[in-house]
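Enquirer: In UniProt numbering, the protein residues as written are 1 to 603.
Here you go, one structure.
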């Protein structure tokens, strides 16, 4: 008889193999695996991937104390926000002290005793205290600061550099990334000369932000006089002044030209001159990423950008795109990723030719919340390498885009947001079997779902949001037509959270009597989420029955009258008196991951 070997279970596998297995799972499965046992908890969700968010708007100080102080997890990344009393400050110091030997990154908001927190984090790699210096903060304390030799990334205000006892070169000698915010003060603080002299030959990243509109930006001029030979990333955000741009753009050009290692630049509110873009293309020949915000852009601007041979990613925000003519003899053949955020297109037909001629090698195209000021429809042509497409329009997208999809052989992922995209009325029906992922924000029913399954027969992922009018039978019919597809649809009667809509829809959304009556009729509705609600008590003459709604997220300011109104309308939301003011911005005691998901801790 052959000897029998002992059976090997998953518990017998070494930690390295388990961690490798968990890394192949989806986030939802990893969250479930992290709850199985203490051994699996740090293997399924690595501590290095977890950001602990402590926010008094989400829960009470006492709840955080009971939950976190009984947890055995050692957090490496901590964000403490929304300080409103001494209890929260005490909790912040307690948490930083508890995790001081493991903390790698720390962000603090509105902390009075920030000096004591600074002295606890000798192992920190990243520190963000830019929001600590408000009117509440004790700025004249004589308490000494201990050096942070391991700190690599620091975000502060310019005022911090002028505080008593603050000598940044001696406190952070190994700093490689510096972010400075110039906040609105009676006196404009600049960056001291000794700081610039010490860090200019060392920094690889420099980020500058001016938080208010200012015609005189002389307080940032000393920066342009220094050379940063190792600088690879530079960002400068300035609210646009009344003159419409930065007067000393020549100095900025000279500064960028001296930074020979630059790979990424982000400019906001500094200049929109075509001459600047010409000089930028000549000075920064190794640039790979460019991001800027400008008022008006035309062919003369993009002609210079096309001359950058190494440029791979271009991000343009809040620009009016005007093209009198479209003629690109030398296209930007290296650009792979193009993002147009809130663009206003003056001539859609010329814009279509511009995209086709200027960026023939695009792999990813994202146009978020764009609008057109003239007649015409967005079309796509000559983008043979396009793999990812994301379009969000205020109006309606042209159904003939489906015909364009058929001419894009490498297109794999499509996300469309439009109040009108009626695929039921479109003829003929192209077979788009090369597209594997589809996301839509629109109104849909059973017939609409079946038509999508007919148009996209090989989908591996289908996600729809909007007002659902489908039935469970329609959902099951789609599952049979798309076997193996990750189908994500709102439940019957569910109102999709407003984060799926444009910011303009969020701001204009009002909680009126008609909408409340509609909520009352949806008895299976249990959760509502909105960012900006307008309450009008005069129109609520009849109180609807909303007792079935268990959770309401309202991301807005709540005065006593609104709070009283909400607690009366949504009785399931009533909390004890200590938590009343935050019960409508609540979240469970969750841990926030950088990718935006949540999971529970094992205690």
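Idealized CB from N, CA, C, for every residue including glycine.
Small disclaimer: the values here were computed from a predicted structure and weren't measured.
Can you say whether residue 410 is buried or exposed, counting buried as having 16 or more other CB atoms within 10 angstroms of its CB?
Expert: Counting from 1 along the chain shown, the entry for residue 410 is found at position 410. Exposed is the call here.
Enquirer: If I measure Cβ to Cβ from residue 144 and keep anything under 7 Å in the same chain, skipping five residues before and after, which residues do I get?
Expert: Taking the first residue of the chain shown as position 1, residue 144 is located at position 144. Excluding sequence neighbours, residue 144 sits near 165.
Enquirer: Alpha carbon to alpha carbon, what distance is there between residue 227 and residue 192?
Expert: Locating residue 192 in the chain shown gives position 192, where the first residue counts as 1. Locating residue 227 in the chain shown gives position 227, where the first residue counts as 1. Rounded to whole angstroms, residue 192 to residue 227 spans 15 Å at the Cα level.
Enquirer: With a threshold of 6 Å on Cβ separation, who are the neighbours of residue 390 within its own chain once the five nearest residues in sequence on each side are excluded?
Expert: For this step, residue 390 is matched to residue 390 along the chain shown. Closer than 6 Å at Cβ, skipping near neighbours: 366 and 415.
Enquirer: Please list the segments of the beta strand (DSSP E) lying wholly inside the segment 29–117, counting only runs of 3 or more residues, in order along the chain.
Expert: The qualifying runs are 52–55, 77–81 and 105–109.
Enquirer: Going by other Cβ atoms of all chains shown within 10 Å of its Cβ, with 16 needed for buried, is residue 301 buried or exposed?
Expert: Locating residue 301 in the chain shown gives position 301, counting from the first residue. Buried: at least 16 other Cβ atoms inside 10 Å.
Enquirer: For residue 296, does the count of other Cβ atoms within 10 angstroms reach 16, so buried, or fall short, so exposed?
Expert: One-based indexing of the chain shown puts residue 296 at position 296. Residue 296 is exposed by the Cβ-count criterion.
Enquirer: In whole angstroms, what is the alpha-carbon distance linking residue 237 and residue 286?
Expert: The residue labelled residue 237 in the question sits at position 237 within the chain shown. The residue labelled residue 286 in the question sits at position 286 within the chain shown. Taking the straight line joining both Cα atoms gives about 22 Å.
Enquirer: When DSSP labels each residue in this structure, what does residue 470 get in the three-state scheme?
Expert: What you label residue 470 is simply residue 470 of the chain shown in a count that begins at 1. Here residue 470 sits in coil by DSSP.
Enquirer: In the structure shown, what three-state DSSP assignment does residue 634 receive?
Expert: Past the edges of the chain, shown from 1 to 603, lies residue 634, and the structure says nothing about it.
Enquirer: So if DSSP puts residue 205 in a beta bridge, which residue, or which two residues, is it bridged to?
Expert: The residue given as residue 205 occupies position 205 in the chain shown. 177 and 233.
Enquirer: Determine whether the beta carbon atoms of residue 459 and residue 436 lie at a separation below 8 Å.
Expert: For the purposes of this step, residue 459 is taken as the residue at position 459 of the chain shown. For the purposes of this step, residue 436 is taken as the residue at position 436 of the chain shown. Their beta carbons are under 8 Å apart, which means residue 459 touches residue 436 by this criterion.
Enquirer: Let me make sure I understand the geometry here. Which of 14, 218, 25 and 352 has the alpha-carbon closest to that of residue 249?
Expert: The count along the chain shown starts at 1 and reaches residue 249 at position 249. Taking only the C-alpha atoms, the option nearest residue 249 is 218.
Enquirer: In whole angstroms, what is the alpha-carbon distance linking residue 15 and residue 23?
Expert: By 1-based counting over the chain shown, the position of residue 15 is 15. By 1-based counting over the chain shown, the position of residue 23 is 23. Taking the straight line joining both Cα atoms gives about 12 Å.
Enquirer: Since residue 292 is in the beta strand (DSSP E), which residue starts that stretch and which ends it?
Expert: The sequence position of residue 292 within the chain shown is 292, counting from 1. Looking at the DSSP string, the run of the beta strand (DSSP E) that includes residue 292 is 289–293.
Enquirer: To the nearest whole angstrom, what separates the beta carbons of residue 443 and residue 469, a pair I think is in contact under 8 Å?
Expert: Working through the chain shown from its first residue, we reach residue 443 at position 443. Working through the chain shown from its first residue, we reach residue 469 at position 469. Contact flag correct, Cβ pair sits at about 7 Å.
Enquirer: Specify, as a first and last residue, the run of the beta strand (DSSP E) that residue 372 falls within.
Expert: Within the chain shown, residue 372 is the residue found at index 372, counting from 1. Where residue 372 is concerned, the enclosing beta strand (DSSP E) stretches over 364–372.
Enquirer: With C-beta atoms as the reference, is residue 400 less than 8 Å away from residue 377?
Expert: Counting from 1 along the chain shown, the entry for residue 400 is found at position 400. Counting from 1 along the chain shown, the entry for residue 377 is found at position 377. Yes, they are a contact pair.
Enquirer: What number of angstroms, rounded off, separates the C-alpha of residue 543 from the C-alpha of residue 490?
Expert: In the chain shown, counting from the first residue as 1, residue 543 sits at position 543. In the chain shown, counting from the first residue as 1, residue 490 sits at position 490. Roughly 27 Å separates the two Cα atoms.
Enquirer: Go through its chain and collect everything with a Cβ distance to residue 195's Cβ below 8 Å, but skip five positions before and after it.
Expert: As a working note, residue 195 is residue 195 in the chain shown. Answer for residue 195: 161, 168 and 169, listed in chain order.
Enquirer: Work out the CA separation of residue 101 and residue 122 for me, nearest whole Å.
Expert: For this step, residue 122 is matched to residue 122 along the chain shown. For this step, residue 101 is matched to residue 101 along the chain shown. Taking the straight line from one Cα to the other gives about 8 Å.
Enquirer: Per DSSP, residue 330 forms a beta bridge with which residues?
Expert: On the chain shown, residue 330 is found 330 positions in, with the first residue counted as 1. BP columns for residue 330 are empty, so no partner.
Enquirer: So, residue 385 versus residue 356, is the Cβ gap smaller than 8 Å?
Expert: For this step, residue 385 is matched to residue 385 along the chain shown. For this step, residue 356 is matched to residue 356 along the chain shown. No.
Enquirer: Let me check understanding here. Comparing Cα to Cα, which of 254, 155 and 198 lies closest to residue 107?
Expert: What you label residue 107 is simply residue 107 of the chain shown in a count that begins at 1. Cα-wise, what sits closest to residue 107 is 155.
Enquirer: Tell me whether residue 191 sits in a helix, a strand or coil according to DSSP, three-state version.
Expert: The residue given as residue 191 occupies position 191 in the chain shown. It is coil, neither helix nor strand.
Enquirer: Looking at residue 364 and residue 388, is the spacing between their C-beta atoms short of 8 Å?
Expert: Counting from one through the chain shown, the residue named residue 388 turns up at place 388. Counting from one through the chain shown, the residue named residue 364 turns up at place 364. Against a cut-off of 8 Å, the Cβ pair of residue 364 and residue 388 comes out as a contact.
Enquirer: If contacts are defined as beta-carbon pairs under 8 Å, then residue 232 and residue 278 qualify, I think. What distance do you get, rounded to the angstrom?
Expert: Working through the chain shown from its first residue, we reach residue 232 at position 232. Working through the chain shown from its first residue, we reach residue 278 at position 278. Actually they do not touch by this definition, with Cβ atoms about 23 Å apart.
Enquirer: DSSP on residue 581, reduced to helix/strand/coil?
Expert: As a first step, residue 581 must be located in the chain shown, where it is residue number 581. With a pLDDT of 35 at residue 581, under the threshold of 50, the modelled position of this residue cannot be trusted; read the value that follows with caution. The answer is helix: DSSP assigns residue 581 an H, G or I state.
Enquirer: Could you tell me the boundaries of the beta strand (DSSP E) in which residue 339 lies?
Expert: In the chain shown, counting from the first residue as 1, residue 339 sits at position 339. Segment 337–341, the beta strand (DSSP E) holding residue 339.
Enquirer: Using three-state DSSP, classify residue 404 as helix, strand or coil.
Expert: For the purposes of this step, residue 404 is identified with residue 404 of the chain shown, where counting begins at 1. It is helical.
Enquirer: In this structure, how does DSSP classify residue 218 when only helix, strand and coil are distinguished?
Expert: Counting from one through the chain shown, the residue named residue 218 turns up at place 218. Residue state, collapsed to three classes: helix.
Enquirer: In three-state terms, what does DSSP make of residue 243?
Expert: Position 243 of the chain shown, counting from 1, holds the residue named residue 243. With a pLDDT of 43 at residue 243, under the threshold of 50, the predicted position of this residue should be treated as unreliable, and no value is reported.
Enquirer: Which of helix, strand or coil does DSSP assign to residue 128?
Expert: In the chain shown, residue 128 corresponds to position 128, counting from 1. Looking at residue 128 - three-state DSSP - the assignment turns out to be strand.
Enquirer: Grouping DSSP H, G and I as helix and E and B as strand, with all else coil, what is residue 210?
Expert: Taking the chain shown and counting its residues from 1, one reaches residue 210 at position 210. If DSSP states are grouped into helix, strand and coil, residue 210 belongs with the strands.
Enquirer: Do residue 229 and residue 177 come within 8 Å of each other at the CB atom, strictly closer than that value?
Expert: One-based indexing of the chain shown puts residue 177 at position 177. One-based indexing of the chain shown puts residue 229 at position 229. Taking 8 Å as the Cβ cut-off, residue 177 and residue 229 do not qualify as a contacting pair.
Enquirer: Sort out for me which residues DSSP pairs residue 344 with in a bridge.
Expert: One-based indexing of the chain shown puts residue 344 at position 344. 320 and 371.
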